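There are 2 protein chains.
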Amino acid sequence: MSHNTKTTIYDISEKLKVSAATVSRALNDNPKISIKTRELVRKTAKEMNYHQNRLAQAFQKGKTNNVGVVVPFINRNFFSSVIRGIEEKLSPHGYHVIICQTHEDVKTEKEQIKILLGTQVDGIIMSVSKTTQNTDHIKEVLDQGKPLIFFDRRKDIPGVSSVTINDFEGAFAVTEHLIKQGCENIAYLSGDRGLDIYAERYRGYLAALKAYNLAFEKDYVFDLSNTTIESGTFAVKNLWNLNKKPDAIFSSGDYAALGALQELKRKNIKIPQEVCLSGFSNEAFTEYTEPSITSVDQTPLLMGKIAAEVFLEQIQGSQTLTIEKKVVLKPGLRIRNSSKRK
Amino acid sequence: MSHNTKTTIYDISEKLKVSAATVSRALNDNPKISIKTRELVRKTAKEMNYHQNRLAQAFQKGKTNNVGVVVPFINRNFFSSVIRGIEEKLSPHGYHVIICQTHEDVKTEKEQIKILLGTQVDGIIMSVSKTTQNTDHIKEVLDQGKPLIFFDRRKDIPGVSSVTINDFEGAFAVTEHLIKQGCENIAYLSGDRGLDIYAERYRGYLAALKAYNLAFEKDYVFDLSNTTIESGTFAVKNLWNLNKKPDAIFSSGDYAALGALQELKRKNIKIPQEVCLSGFSNEAFTEYTEPSITSVDQTPLLMGKIAAEVFLEQIQGSQTLTIEKKVVLKPGLRIRNSSKRK
DNA sequence: TTGTATGCGTTATCAT
DNA sequence: ATGATAACGCATACAA
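Residue numbers (this note's numbering), protein chains in the order written: chain A, 1 to 342; chain B, 1001 to 1342.
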């Protein structure tokens, strides 16, 4: 019942007294092989419990039909949704997705990419780690002539396509919304602006202030190394030591917004009456908190699908010519109770 | 600067006028090769931008150092934490994790396992999909002589080790806790009892009722095909059509508990004063809701680490003898505001 | 329609 | 300490 020794095409060829090449061709439904032989081979293969060694095949073809997806974390709604989008698009094309997480650590990112390349993935779709400065390990993907696509968190590397949302626009929309709710002293919790996305969101915040003639207050900008619950809590504690308290908090990440929410509640500060609050990313929990948190939808499913499409284009396109494609998606403001005053 | 043609050990051997075997050995730090040669080869390899082809290596060795991890979803706190635990344990041993999600679909599960086997993973650690009945595709892993370890959601297959928590005990503890808060009419939202975990949790609920001489009320048990927010909402709507309303709800999953919470709030029912509520799994959001939701911690990080340990034991152990190991972890009751009456 | 021969990149065995 | 060669499983160019 259980065959422990794996059967190869040679075993089949021996049993059927045909050549291994014939077996190989039959298995691949090569029309040059007679239907009769094809069926016989198939049947025998099944009987002998034959399973193709994809490794050997990939080795000889130089193509695995695997694509690597590298993300900081898999348990963020945003990233897991992007992955889902990629899978949905790629799977019908026979591509399989290998998921790797870096835990925001360059060293791990480097290692993961090295392994993915060594294991011969056909391409890599990634969102860079927060700590990534030097990009040599990323360029290596290009050097090996393989498609590389960034999504969300990109780096400026010539020849690399990317799919992002318009973070500037998203942050502008949030800030504008807060202003329209009557807020004038809007604190901003910023993620690491070494990442484009956070730099852009900050720009959006500033631009909206300017557009509505609100004074920029240096003390209202809080730099977080990580947008975590703890950092949000910490930020509020500090902000409330100021003489002039803010009447709104815009966090560039949902987790910090959540931490801020919790601390505001501990301080018995009414949301949104006294302070309006917004996050960014539209994590699932923003809907469930009390009050629910305003946020920005990054359309991750769509982002994943488009990233996958770009990959498919690149892999089908001529190998010599690399087209750099930059897709920028429109963010969606999700206004919830934490900032709804009417 | 960028070498598009990948260099092999032959390129190095040619340049250095040594044999490919020597290069291979040098690269692997074989002590039989002189230090001088080893260093020369290393240096040249770097210069020529050589990268090992792990695929070729795996092919010839019959060992990839990859292990497949198959889960229903990656964006559930429980699963992503287990994966993290597995990674942490396996990574120092040179193993790399390939993550696959089935989206609770047997067909996908089948496909994923087939691909993982074809791509020659050294073993598989998995949590079966809800819809999995027939297990032939899972047995195939054993047939190929590769270690297979279940975690959380297991199937009864001889020779397969598993790491689970004591779901019975966890559910018993929750029910007992609710009873001690003064609840007497405890509704139960059950996941698909075709899965061991849900069957066990149900048993725990029943056993606690019995232990405290509470009558079992058939109408209080609600069967959910999926433990989603919607199903929790739906359950509460139906339960509140009964003449005798429950004074507690114990959901076997956190998402359904969240849905129940939302619906209860819409109905202006005070939690925990009028109705106590508990979930199961300790999803991150259970801490953030208003009120926070009592739940059961499945110690996923530990579970992942142990699953990985079992894998390592099996792969290092003799190939002929398969030991079936069943590890059962202790669940942790996390009492939160949704059920704290004092 | 089928068979023969070769190569993919690496490691291992057996020489030297 | 190093070299020559076979082998891993499969697909394909070339022959027949």
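Glycine residues also receive a C-beta, built at the ideal position from the N, C-alpha and C atoms.
Remember, predicted model here, so these are calculated numbers, not experimental data.
Item	Value
Check the Cβ-Cβ distances between R42(A) and every residue of chain B, and say whether any is below 8 Å.	no
Chain A partners of S1231(B), CB-CB under 8 Å?	Result: empty, since nearest Cβ-Cβ is about 16 Å, beyond 8 Å.
Are the C-beta atoms of H1003(B) and some chain A residue less than 8 Å apart?	Residue placement at H1003(B) is poorly supported in this model, since its pLDDT is 44, which falls under 50; the coordinates are not used for a value here.
Start and end of the alpha helix (DSSP H) containing D122(A)?	D122(A) -> no alpha helix (DSSP H), and no H or E assigned at all.
I need the boundaries of the beta strand (DSSP E) containing I149(A), first residue and last residue.	L148 to F151
Buried or exposed: where does R54(A) fall if 16 or more other Cβ atoms within 10 Å of its Cβ makes it buried?	buried
Name the two residues that bound the continuous alpha helix (DSSP H) containing Y1255(B).	D1254 to R1266
List the residues of chain A whose Cβ lies closer than 9 Å to the Cβ of N1075(B), in chain order.	I74, N75, R76, N77, F79, S80, S81, I83, R84 and A284
For T119(A), decide whether its Cβ has a neighbour in chain B, counting only Cβ atoms nearer than 8 Å.	yes
Measure the alpha-carbon distance for V1160(B) versus A1260(B) and round it to whole angstroms.	37 Å
Where in the segment 215-303 of chain A do unbroken runs of the alpha helix (DSSP H), each at least 4 residues long, occur, reported from the N-terminal end onward?	229-239 and 254-266
With a 10 Å radius around its C-beta and 16 neighbouring C-beta atoms as the bar for buried, classify Y973(B) as buried or exposed.	With chain B covering only 1001 through 1342, there is no way to say anything about residue 973(B).
Taking the straight line between their C-alpha atoms, what separation do you get for R1042(B) and N1049(B)?	10 Å
Does the structure place the segment 30-41 of chain A close enough to the segment 1029-1036 of chain B that three or more beta carbon pairs sit under 8 Å?	no
Out of F1073(B), R1084(B), K1017(B) and V1082(B), point me to the one whose CA is closest to H947(B)'s CA.	As displayed, chain B neither begins before 1001 nor continues past 1342, which places residue 947(B) out of reach and without an answer.
Should I12(A) be labelled buried (16 or more other beta-carbon atoms within 10 Å of its own) or exposed?	buried
Taking only the alpha-carbon atoms, compute the straight-line gap between L142(A) and A20(A) and give it to the nearest angstrom.	37 Å
For E290(A), return the contacting residues in chain B, with the cut-off set at a CB-CB distance below 8 Å.	T1289 and E1290
Hey, would you say T1044(B) sits closer than 8 Å to K1015(B), going by beta carbons?	yes
Could you name the residues of the same chain whose beta carbon sits closer than 6 Å to that of G304(A), not counting the 5 residues immediately before and after it, in chain order?	V82, G85 and I86
Quick one: give me the first and last residue of the alpha helix (DSSP H) that T8(A) is part of.	Looking at the DSSP string, T8(A) is not in any alpha helix (DSSP H), and its letter there is neither H nor E.
I want to verify the contact list: residues of chain B whose CB lies under 7 Å from the CB of L148(A), in sequence order.	The contacting residues do not exist; L148(A) stays about 13 Å from chain B at best.
May I ask which residues mark the beginning and end of the alpha helix (DSSP H) holding T135(A)?	Run containing T135(A): none; DSSP gives neither H nor E here.
Quick check on N65(A): does DSSP put it in helix, strand or coil?	coil
Based on Cα-Cα distance, which residue from V327(A), R25(A) and E200(A) lies nearest to L302(A)?	V327(A)
Please state if the CB of F79(A) and the CB of V67(A) are separated by a distance shorter than 8 Å.	no
At 3 residues or longer, and completely inside the segment 1159-1209 of chain B: list those beta strand (DSSP E) runs for me, N to C.	1161-1165 and 1186-1190
Return the first residue and the last residue of the alpha helix (DSSP H) that V82(A) is part of.	N77 to L90
Run through chain B and tell me which residues come within less than 8 Å of T337(A), C-beta to C-beta.	First, the amino acid is wrong: residue 337(A) is Asn here, not Thr. Within 8 Å Cβ-Cβ: nothing; N337(A) doesn't reach chain B, min ~11 Å.
My understanding is that R1334(B) touches V1275(B), with C-beta atoms under 8 Å, so please give their C-beta distance in whole angstroms.	Not quite, the Cβ-Cβ distance comes to about 19 Å (not below 8 Å), so this is no contact.
Please report how far the alpha carbon of K180(A) lies from the alpha carbon of A207(A), in whole angstroms.	15 Å
So, helix, strand or coil for L1016(B), using DSSP?	helix
If you draw a straight line from the C-alpha of K1265(B) to the C-alpha of L1258(B), how long is it?	11 Å
Using a Cβ-Cβ cut-off of less than 7 Å, list which residues of the segment 95-128 of chain A approach chain B; keep chain order.	H96, I98, I99, I115, L117, G118, T119 and Q120
So the alpha helix (DSSP H) V328(A) belongs to, where does it begin and stop?	No alpha helix (DSSP H) holds V328(A); the beta strand (DSSP E) holding it covers K326 to L329.
Inspect the CB distances between the segment 1244-1256 of chain B and the segment 1184-1196 of chain B and report whether three or more fall short of 8 Å.	yes
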